[in-house]
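K.L.:
Could you have a look at this structure, given as structure tokens, before my questions?
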Amino acid sequence: MSSIPENLKYTAEHEWVLEGDPSTVGITATAADALGDVVYLELPAVGDVLSAGTVVGEIESTKSVSELYSPVSGTVIAVNDAAVADPSVVNSDPYGEGWLLKVEVTGAGPLLTAAEYQSLTAP
Numbered sequence: 006m007s008s009i010p011e012n013l014k015y016t017a018e019h020e021w022v023l024e025g026d027p028s029t030v031g032i033t034a035t036a037a038d039a040l041g042d043v044v045y046l047e048l049p050a051v052g053d054v055l056s057a058g059t060v061v062g063e064i065e066s067t068k069s070v071s072e073l074y075s076p077v078s079g080t081v082i083a084v085n086d087a088a089v090a091d092p093s094v095v096n097s098d099p100y101g102e103g104w105l106l107k108v109e110v111t112g113a114g115p116l117l118t119a120a121e122y123q124s125l126t127a128p
């Protein structure tokens, strides 16, 4: 199993957020591994206003299509166009180059610590 970065917060739906100004959002290695090879991303547009816990896009793999949920409320200020162009980066580097969104945060939904997420995903 992939190590879970301690500096991030997580959702039960397998998204992560790096809190900051702006905050960065992506999916966890656990989710990327479960999905298999990611082949398509549908992400919100810059300027879209997100509400924590709501569906904001889709991620498609060779196995299935899954919804993406926003861990935070706020305005999208950047989308990872490189990941949209080459979605495999979500598999190869989910906590780095595979980030999905940067959000100017106005609020957060229920977030888990790395230890709490580890407990949630432990076999």
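Using the working numbering, read the sequence shown as starting at 6 and increasing by one per residue. Each residue gets a CB set at the ideal place from its N, CA and C atoms; glycine is no exception.
1) Give the secondary structure of Ser71 by DSSP, where H, G and I count as helix, E and B as strand, and everything else as coil.
2) Helix, strand or coil: which one does DSSP assign to Val89?
3) Return helix, strand or coil for Ser66, following the three-state DSSP convention.
4) So which of Ala119, Asp86 and Gln123 has the shortest CA-CA distance to Leu23?
5) At the level of alpha carbons, what is the spacing between Ala45 and Ala90?
6) Which residue's Cα is closest to the Cα of Asp53: Glu72, Val60, Thr35 and Thr80?
P.N.:
According to the structure data:
1) Along the sequence shown, read from residue 1 onward, the residue named residue 71 stands at position 66. In the structure shown, Ser71 sits in a strand (DSSP, three-state: E or B).
2) The residue given as residue 89 occupies position 84 in the sequence shown. Val89 falls in the helix class under three-state DSSP.
3) One-based indexing of the sequence shown puts residue 66 at position 61. Correct three-state label for Ser66: strand.
4) For the purposes of this step, residue 23 is identified with residue 18 of the sequence shown, where counting begins at 1. Per the Cα distances, Ala119.
5) Residue 45 sits at position 40 when you count from the first residue of the sequence shown. Residue 90 sits at position 85 when you count from the first residue of the sequence shown. The amino acid occupying residue 45 in the given sequence is Tyr; Ala does not appear at that position. So the alpha carbons of these two residues sit roughly 8 Å apart.
6) As a first step, residue 53 is located in the sequence shown; it is residue number 48 there, counting from the start. Nearest C-alpha to Asp53: Thr80.
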